[in-house]
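Asker: Residue numbers (full-length UniProt numbering): 1 to 572.
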Amino acid sequence: MAASPPFLACGEKKPWWVSNKKIVERYIRDAKILIATQEPNEISSALALVEAALAISPRFELALELKARCLLYLRCFKDVAYMLKDYIPSLKMPSDDTSSTSSSGSFDSSKEQIRLISYGDERNFKCFSISYLKKKVMDSLYKNCNKEGQWRYLVLGQACCHLGLMEDAMVLLQTGKRLATDAFRRESICWSEDSFSFAKFPISSKNRCTALPITESETISQLLSHIKLLLRRKTAAIAALDAGLYSEAIRHFSKIVDGRRGAPQGFMAECYMHRASAYHSSGRIAEAIADCNRTLALDPSCIDALRTRAALFETIRCLPDSLHDLEHLKLLYNSMLRDRKLPGPIWKRQNVEYREIPGRLCSLATKIQELKKRVANGETGNVDYYALIGLNWGCSRSELERAHLLLTLRHKPEKSTSFIERCEFADEQDVDSVRDRAKMSSLLLYRLIQRGYASLMATIKDEEAAEKQRKKAAAALQLMQQQVQLNQEQQQSRTETFGTVVMQQQVQKIQELQRSVPETLDSDVCNTALCSNTNATVFKGAFCRELAIVGNMLSQAGFNQPIPVKYEALSC
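#1: Identify the residues that DSSP records as bridge partners of A263: which are they?
#2: Decide if L409 is buried, meaning its Cβ has at least 16 other Cβ atoms within 10 Å, or exposed.
#3: Taking R317 as the reference, give the member of R26, E379 and T235 with the closest Cα.
#4: Can you grab the Cα-Cα spacing for the pair F267 / K468, in whole Å?
#5: Is it buried or exposed, A403, if we count other Cβ atoms within 10 angstroms and call 16 or more buried?
#6: I need the straight-line Cα distance from A36 to L54, nearest angstrom please.
#7: Using the Cβ count rule (16 or more neighbours within 10 Å means buried), how would you classify M273?
#8: Compare the Cα-Cα distances from Y153 to each of A81, S188 and T215 and report the closest residue.
#9: Quick check on residue 644: buried or exposed, where buried means 16 or more other Cβ atoms within 10 Å of its Cβ?
#10: Is the number of C-beta pairs between the region 449-460 and the region 424-431 that are closer than 8 Å three or more?
#11: Quick check on this structure: which residue in A297, S19, P345 and E314 has the alpha carbon closest to the alpha carbon of D384?
#12: What did DSSP end up calling Q482 once you bin it into helix, strand or coil?
#13: Going by other Cβ atoms of all chains shown within 10 Å of its Cβ, with 16 needed for buried, is I449 buried or exposed?
#14: Below 6 Å CB to CB, which residues in the same chain sit around M170 once its five sequence neighbours on both sides are set aside?
#15: Could you tell me the alpha carbon to alpha carbon distance between N20 and Q158, rounded to whole angstroms?
#16: Here's the rule I'm using: 16 or more other beta-carbon atoms within 10 Å means buried, otherwise exposed. How should G283 be labelled?
#17: For R75, name the three-state secondary structure that DSSP assigns.
#18: For the putative contact between N293 and S441, defined by C-beta atoms under 8 Å, what is the C-beta separation to the nearest angstrom?
#19: Rounded to a whole number of angstroms, what is the C-alpha to C-alpha distance between M93 and G164?
#20: What is the DSSP secondary structure of residue 641, counted as helix, strand or coil?
#21: Looking only at its chain, what residues have a beta carbon closer than 7 Å to the beta carbon of P40, apart from the 5 residues adjacent to it on each side?
#22: Under the three-state reduction of DSSP, which class applies to T315: helix, strand or coil?
#23: Quick check: the region 329-342 against the region 478-486, are at least 3 beta-carbon pairs closer than 8 Å?
#24: Given H252, which residues of its chain have a CB within under 7 Å of its CB, disregarding the five upstream and five downstream residues?
#25: Below 6 Å CB to CB, which residues in the same chain sit around L71 once its five sequence neighbours on both sides are set aside?
#26: Should G176 go down as buried or exposed, given a rule of 16 or more other Cβ atoms within 10 Å for buried?
#27: Under the rule that 16 or more other beta-carbon atoms within 10 Å means buried, what is E270, buried or exposed?
#28: When the Cα atoms are used, what is the spatial distance from T219 to A297?
#29: Take the Cβ of S363 as the centre, count every other Cβ of all protein chains shown within 10 Å, and call the residue buried at 16 or more, exposed below.
#30: Taking only the alpha-carbon atoms, compute the straight-line gap between E463 and K471 and give it to the nearest angstrom.
#31: Between S102 and the rest of its own chain, which residues show a CB-CB distance below 6 Å, the 5 nearest in sequence each way excluded?
#32: Buried or exposed: E187, going by 16 or more other Cβ atoms within 10 Å of its Cβ?
#33: State the start and end residues of the unbroken alpha helix (DSSP H) segment that holds P40.
#34: Given N351, which residues of its chain have a CB within under 8 Å of its CB, disregarding the five upstream and five downstream residues?
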């Protein structure tokens with residue numbers, strides 16, 4: 001449905017402000033009818049009517065409100081923010097040209113402060129013009145000082161929430177809710193008791209509870225509670241990160257990014273960046289690189305994500321990838337110097353100021369030259385895959401397989417775009433580009449992990465083969481030692497056995513000699529025979545010595561005479 005300016009009758013000549021007022025009122029009335037249908041096409045037509053009304057009366061408050069609400073319903077949150085950028089609380093207007101250049105360079109330096117509610121008369125010295133006079137007359141016709149500017153809090157607060165400006169959204173929504181409550185309280189004082197009846201919502205005869213339509217205040221309350229929950233978790237996570245409790249910070253950030261209810265794109269990118277810092281501090285390099293990839297997929301111009309990922313690649317000595325990120329960062333700095341402003345919209349928060357860019361660019365050029373020299377010296381193949389996978393030097397095969405399985409399940413390319421489902425995009429056209437960037441970066445990380453796994457598995461296999469060779473050599477040496485010891489024991493046992501046999505033969509000879517020699521044999525002959533036998537044989541052991549002593553005594557004395565014995569000699 002479209003409306004055109006009504007044609008006036010030729011005979012009637014009305015003042016221009018009266019005719020323009022009627023035209024604007026007709027546009028606004030038709031726009032309200034179209035907005036009530038809640039159809040996107042009809043709301044687009046209503047937006048065209050409101051634009052036509054604003055072309056006639058640029059400062060008509062009701063037309064501005066309808067335009068902002070139409071843009072909000074059509075999910076044109078950036079257009080709402082650009083339309084009401086002077087009312088965002090976090091934006092600080094510069095006081096001079098120098099500060100304006102250092103902040104973003106896109107603000108008007110003539111403005112001196114931010115006003116959440118515009119005032120009626122602005123006394124500026126201007127030259128006289130008919131068009132300016134017409135605007136002032138039309139503004140005076142539609143001036144409403146009681147309700148002027150209150151809708152900005154609610155509309156801009158919702159737009160800031162969807163853009164990721166959670167702190168600004170909370171301030172705006174709380175203020176708008178409080179002002180709406182105060183206005184309703186002032187109006188309800190003059191109401192009668194009949195005004196509070198439930199005649200508008202009759203109960204059916206079947207006693208069924210009809211679902212009442214959700215009002216704007218209920219929607220604002222639900223959105224405000226969700227914003228507070230996200231801000232509480234983010235505050236707790238940042239406090240844990242600053243205190244060095246990295247696992248606690250990771251847990252809080254994971255609750256935000258993995259929650260059932262999604263979060264805006266800008267807020268998710270910020271949380272992923274903080275969680276990457278926590279992963280980096282805790283030594284989990286692969287997870288930190290994955291979060292940096294997600295941040296850059298959501299926000300390609302994020303300076304912190306590029307710097308952090310370049311530092312991570314340099315930590316594991318993956319110099320070509322680190323050099324690629326530093327070159328991208330250099331191009332980003334050069335574009336800032338060329339455009340004289342920071343990347344992104346004016347409300348985007350940056351951790352760098354414009355005046356710091358030349359110094360950072362010089363240090364970045366020095367870093368790039370240093371990395372190029374290291375690449376030229378052949379340091380590209382010495383990647384620390386142990387740090388990438390999160391293992392210590394000398395890990396076992398089971399530890400490597402377990403760590404590789406976990407990393408593969410987390411970072412395989414099929415799951416690289418799962419975080420997009422929990423992300424609320426300000427512009428639905430950005431989803432495809434975000435998905436493509438996420439797939440590409442995830443595929444590169446997955447290939448790096450696979451190369452690391454193959455390299456470490458080859459190293460472990462070589463170590464296991466060397467260990468087997470060492471075990472075989474040690475077993476052969478031990479077997480050789482046991483064989484030598486066994487041979488020595490066998491030789492010793494043979495020597496002892498030979499001595500025992502010789503002793504038994506000597507005893508038998510003595511006994512035979514005693515039986516064969518007569519009792520009257522001269523003792524000298526016996527002594528000579530026994531002495532020759534005793535000297536020829538080597539006796540070992542205490543028992544053998546005693547037998548030798550007995551033999552000597554028998555040879556010295558006659559066989560039929562008593563033998564003198566010394567008891568000390570017979571003691572063992």
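All C-beta atoms, glycine included, are put in the ideal place defined by N, C-alpha and C.
Answerer: Here's the rundown:
#1: For the purposes of this step, residue 263 is taken as the residue at position 263 of the sequence shown. When beta bridges are read from the DSSP output, A263 appears opposite C423.
#2: One-based indexing of the sequence shown puts residue 409 at position 409. By the Cβ neighbour-count rule, L409 is exposed, with fewer than 16 other Cβ atoms within 10 Å of its own.
#3: On the sequence shown, position 317 is the one that residue 317 refers to. The shortest C-alpha to C-alpha distance from R317 to any of R26, E379 and T235 is the one to E379.
#4: Residue numbering aside, residue 267 sits at position 267 when the sequence shown is read from its first letter. Residue numbering aside, residue 468 sits at position 468 when the sequence shown is read from its first letter. CA-CA distance, F267 to K468, rounds to 55 Å.
#5: By one-based count along the sequence shown, residue 403 stands at place 403. Around the beta carbon of A403, 16 or more other beta carbons sit within 10 angstroms, so the residue counts as buried.
#6: The count along the sequence shown starts at 1 and reaches residue 36 at position 36. The count along the sequence shown starts at 1 and reaches residue 54 at position 54. So the alpha carbons of these two residues sit roughly 20 Å apart.
#7: Taking the sequence shown and counting its residues from 1, the one referred to as residue 273 is at position 273. When all chains shown are included, M273 counts as buried.
#8: Translated into positions along the sequence shown, residue 153 becomes position 153. Distances from the alpha-carbon of Y153 to those of A81, S188 and T215 put A81 closest.
#9: Outside the displayed range of the chain (1 to 572) lies residue 644, so it cannot be described from this structure.
#10: Verdict: no, contact absent.
#11: Taking the first residue of the sequence shown as position 1, residue 384 is located at position 384. Comparing Cα-Cα distances from D384 to each of A297, S19, P345 and E314, the minimum goes to E314.
#12: As a working mapping, residue 482 is identified with position 482 in the sequence shown. Correct three-state label for Q482: helix.
#13: If you number the sequence shown from 1, residue 449 lands on position 449. That one is buried.
#14: For the purposes of this step, residue 170 is taken as residue 170 along the sequence shown, with counting starting at 1. Cβ within range, chain order: I227.
#15: Here residue 20 refers to the residue found at position 20 when the sequence shown is read from its first residue. Here residue 158 refers to the residue found at position 158 when the sequence shown is read from its first residue. Spanning the two alpha carbons is a distance of roughly 33 Å.
#16: Along the sequence shown, one-based indexing puts residue 283 at 283. Exposure of G283 is indicated by the presence of fewer than 16 other C-beta atoms within 10 angstroms of its C-beta.
#17: To locate residue 75, count along the sequence shown from 1; it is residue 75. Collapsing the DSSP output to three states places R75 in coil.
#18: Taking the sequence shown and counting its residues from 1, the one referred to as residue 293 is at position 293. Taking the sequence shown and counting its residues from 1, the one referred to as residue 441 is at position 441. Taking 8 Å as the upper bound for CB-CB distance, N293 and S441 are in contact here, some 4 Å apart.
#19: The count along the sequence shown starts at 1 and reaches residue 93 at position 93. The count along the sequence shown starts at 1 and reaches residue 164 at position 164. Any reading at M93 must be qualified, since the residue scores a pLDDT of 42, below 50, and its modelled position is unreliable; the value itself is stated next. C-alpha separation (whole angstroms): 21 Å.
#20: In this structure the chain extends from 1 to 572, so residue 641 is not present and cannot be described.
#21: Here residue 40 is taken as the residue at index 40 of the sequence shown, counted from 1. Once the five neighbours on either side are set aside, the close Cβ partners of P40 are L74.
#22: Position 315 of the sequence shown, counted from the first residue, corresponds to residue 315. Shown here, T315 sits in a helix according to DSSP, grouped into three states.
#23: The region 478-486 is not in contact with the region 329-342.
#24: The sequence position of residue 252 within the sequence shown is 252, counting from 1. R233, A236, A237 and A240, listed in sequence order.
#25: Within the sequence shown, numbered from 1, the residue matching residue 71 stands at position 71. Cβ within range, chain order: D79 and V80.
#26: As a working note, residue 176 is residue 176 in the sequence shown. G176 counts as buried, since at least 16 other C-beta atoms from the protein chains shown sit within 10 angstroms of its C-beta.
#27: The residue given as residue 270 occupies position 270 in the sequence shown. By the 10 Å Cβ count, E270 comes out buried.
#28: For the purposes of this step, residue 219 is taken as the residue at position 219 of the sequence shown. For the purposes of this step, residue 297 is taken as the residue at position 297 of the sequence shown. T219 and A297 have their C-alpha atoms some 30 Å from each other.
#29: Taking the first residue of the sequence shown as position 1, residue 363 is located at position 363. Taking all protein chains in view, the Cβ of S363 is surrounded by fewer than 16 other Cβ atoms within 10 Å, so the residue is classified as exposed.
#30: As a working mapping, residue 463 is identified with position 463 in the sequence shown. As a working mapping, residue 471 is identified with position 471 in the sequence shown. Their Cα atoms are separated by approximately 12 Å.
#31: As a working note, residue 102 is residue 102 in the sequence shown. With a pLDDT of 39 at S102, under the threshold of 50, the predicted position of this residue should be treated as unreliable, though the coordinate-derived value follows. So the qualifying residues of the chain are E353, Y354 and R355.
#32: Counted from its first residue, the sequence shown places residue 187 at position 187. Label assigned to E187: exposed.
#33: Your numbering for residue 40 matches position 40 in the sequence shown. Its alpha helix (DSSP H) spans residues P40 to I56.
#34: Position 351 of the sequence shown, counted from the start, is the residue given in the question as residue 351. Around N351: I303 and D304.
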